[in-house]
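Position one of the sequence shown corresponds to residue 1 (my numbering), numbered consecutively onward. Structure record follows, encoded as structure tokens.
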Amino acid sequence: MPDLKNIESIYLVLGFVVPGMIVAYVRAQFLTGRIRTLSENVLAYIVLTVLYYGVAAPFVEFVLTFREPGRPKIFAWLGLIIVLPAFVGLVLGILGQNEFFRRFLQLCRTNPIHATPSAWDYTFAKIRGDQFIMVILSDGATVSGIFGSQSFASSDPAERDLLIQEVYDEECGSWTKRTEQTAILIPAKEIKHVQIWT
């Protein structure tokens, strides 16, 4: 990371690190996985920024036409360094979540590495609406219920806990809704298997 003791270093960071950092941050809001530290990602941010400037070249040329200081120049630079990278990150995040690039590469007969780091993250990221779920606990007991918009599956690899929004009573293979809606938080160490009916 450059030393930020002079104004030129700040300009270099603003110009060559911040756009890539914004692209990566906004994209990460749509995908799961480990978020690396700033020092681990500086090179990736610089590469992303260079690629971003390659795509945004017409806008860069437009921004460089502003010679006089003032609001138009400030807004143009803010758009180039903050707003446009956020939009690029948004587009990349949506395309990544919908596996657009992966499907395209598979059509080209390549087998890319999946962007989602685990089956846990992949499964719970794909759930839409309310789904029946049964969790087999480490002691062999089961918890059944509805996994929906008020439920949560942790994407932290160190703590894969589950919050099930509505627990059902299970007797003789039959599930019955409880008269009073009850949610349950199941810690990762208690989870042995998870079954989801889609």
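From the three backbone atoms N, C-alpha and C, an ideal C-beta is built for every residue, glycine too. Computed from a prediction, not measured in an experiment: that's the story for all the values here.
Within 8 Å, strictly: CB atoms of residue i and residue j
i: residue 164; j: residue 183; result: yes
i: residue 48; j: residue 28; result: no
i: residue 137; j: residue 170; result: no
i: residue 66; j: residue 57; result: no
i: residue 129; j: residue 148; result: yes
i: residue 42; j: residue 17; result: yes
i: residue 74; j: residue 22; result: no
i: residue 31; j: residue 115; result: yes
C-alpha gap between residue i and residue j, whole angstroms
i: residue 213; j: residue 186; result: Since the first residue shown for the chain is 1 and the last is 198, residue 213 is missing from the structure and cannot be characterised.
i: residue 15; j: residue 96; result: 25 Å
i: residue 19; j: residue 179; result: 52 Å
i: residue 151; j: residue 113; result: 29 Å
i: residue 135; j: residue 166; result: 13 Å
i: residue 53; j: residue 40; result: 22 Å
i: residue 103; j: residue 111; result: 9 Å
Given residue i as reference, the closest of the options once Cα atoms are compared
i: residue 109; options: 116, 115, 101; result: 101
i: residue 55; options: 75, 72, 73, 85; result: 85
i: residue 197; options: 62, 117, 124, 10; result: 124
i: residue 50; options: 30, 13, 71; result: 13
i: residue 177; options: 144, 10, 150, 194; result: 144
i: residue 200; options: 132, 168, 175, 181; result: Because the chain in this structure spans residues 1 to 198, residue 200 falls outside the shown range and cannot be described.
7 Å Cβ shell around residue i - same chain, five flanking residues per side excluded
i: residue 26; result: 86, 89, 90, 93
i: residue 79; result: none
Residues of its chain near residue i, where Cβ-Cβ distance is below 8 Å and the 5 sequence neighbours each way are ignored
i: residue 160; result: 120, 153, 154, 188, 191
i: residue 62; result: 76
Contact with chain D by residue i, beta-carbon distance below 8 Å
i: residue 159; result: The chain labelled as chain D is not found in the depicted structure, where only one protein chain is given.
Same chain only: Cβ atoms within 6 Å of residue i, ignoring 5 sequence neighbours per side
i: residue 175; result: 144, 168
Report the start-end ranges of each alpha helix (DSSP H) in the region 51-128 that is 4 residues or longer and not cut off at the edges.
57-63, 71-78, 84-97, 100-107, 119-126
Ordered list of beta strand (DSSP E) runs contained in the region 114-198, each at least 3 residues
131-137, 142-147, 162-164, 166-171, 174-177, 184-186, 191-197
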